[in-house]
Amino acid sequence: MIKSITPVLTFAAIIIGLITSCESQPTTINESESTAVAYNEKEGLAIVSQNCISCHAPVDNAEKPVAPSLKDIKAAYYSADIEKEAFISSVAAFLANPNPEKSQMPVAVEAFGIMPNLGMSENQYKSVAAYLYQSNIDDPAWYETVFLKEKAALEASMDTAAVDYLEKGMQLALATKAVLGKNLLNAIQTKGTAEALSFCNTRAEVLTDSMATQLGAKIKRVSDKNRNPDNAANAMELAYINEAKAAIASSGKAKPQIHELGDKMIGYYPIMTNNMCLQCHGNTTQNIDPVTKEKIATLYPADKATGYGENELRGIWVVEMEN
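Heads up, the sequence shown is in our numbering, so the first residue is 30 and it goes up one at a time.
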């Protein structure tokens, strides 16, 4: 039997009620109901180690960089006389709304393009900036002598900490997104958009399943306008997608949610479009070139995943964890 405590999803309640008849609703907690925590360097370390480092190498000597190094990023925003809060505000402002006007790295923008919006909270962006500010990243030995030790200590402390499933699911989703994003960026940069579709077709689900096994959870991406037939959203997921779209329309942002379903905790996390996404998911006459359009038709004859603009809900991450 599904346990019921807080019926937050009104639309979900209707849909699930139709399907499950007399069964009660799943427990639902959204981001606004979880405890708000001020930004801090420890949270920044967790985000950097699980997400940022996969694309942003510690120093600028990566063989095939897909993004500027952490060292270069800090150097671009830091100066000897800058106050900590000013540094944090500047970095966080860019992360919250990545665009050339907010960037202080025009050469990197020209070389790598604008990074996607990661869909994190303002405090999470500030936590990343706070961690960068206090870290001696320009020391060549920093990664080996400091960062890896900090990461190991953090992971050890997390093993014994009380579980915040909403936050845990977010970190698992973002860690998986980081791996997929790095590989996709590399495919686009080295082979072009059309050929990168082959990566999505043959490797994306394999990498997602591999990360799920590594992280000890079930992780998938679903949508109401799916490209891969295996990524079609079910009734509960569609209910959240519809609510998330309504929230975006009214406030510009959708909040993640966690559901208790028997002995499982299932988290839903929005996936928003950015300019890079439009190369394969945008308007078929304005954003997608003919070669890419033909490749989509070949690989995905029943495709539904075009017609998007920037900052629209493309789908959601679904993370299932043991309770």
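Cβ coordinates follow ideal geometry from the N, Cα and C atoms, glycine included.
Straight-line measurement puts the Cα of residue 248 at about 43 Å from the Cα of residue 109. Every unbroken stretch of the alpha helix (DSSP H) spanning 4 or more residues and falling wholly within the region 172-252 is given here in chain order: 177-189, 194-220, 222-231 and 233-244. The region 268-278 and the region 171-181 do not touch, with fewer than 3 CB-CB distances between them shorter than 8 Å. Annotation: the continuous alpha helix (DSSP H) that includes residue 102 extends over 99-106. According to DSSP, residue pairing for residue 294 in a beta bridge involves 289 and 350. Taking a C-beta distance under 8 Å as the contact criterion, residue 349 and residue 295 qualify as a contact pair.
Under the three-state reduction of DSSP output, residue 301 falls in the strand class. Collapsing the DSSP output to three states places residue 275 in a helix.
About 4 Å separates the beta carbons of residue 83 and residue 207, which is inside the 8 Å limit, making them a contact pair. Contact annotation: residue 301 and residue 351 have beta-carbon atoms that are not nearer than 8 Å.
In chain order, 113 and 116 place their CB closer than 6 Å to the CB of residue 162, counting only its own chain and leaving out the 5 sequence neighbours on each side. When the five nearest sequence neighbours on each side are left out, the beta carbons in the same chain lying within less than 7 Å of the beta carbon of residue 277 are those of 283 and 342, in order along the chain. Per DSSP, reduced to three states, the secondary structure at residue 261 is strand. Distance from the CA atom of residue 306 to the CA atom of residue 144, rounded to whole angstroms, is 11 Å. Judged by DSSP in its simplified three-state form, residue 82 adopts helix. By the Cβ neighbour-count rule, residue 245 is exposed, with fewer than 16 other Cβ atoms within 10 Å of its own.
Within the DSSP secondary-structure output, residue 342 pairs in a beta bridge with 301. In this structure the region 258-269 does not touch the region 155-172; the number of beta carbon pairs closer than 8 Å is below three.
The beta carbon of residue 103 is closer than 6 Å to those of 161 and 166 in its chain, skipping five residues each way along the sequence. Sequence-distant Cβ neighbours of residue 216 in its own chain, meaning closer than 6 Å and more than five residues away, are 225 and 228.
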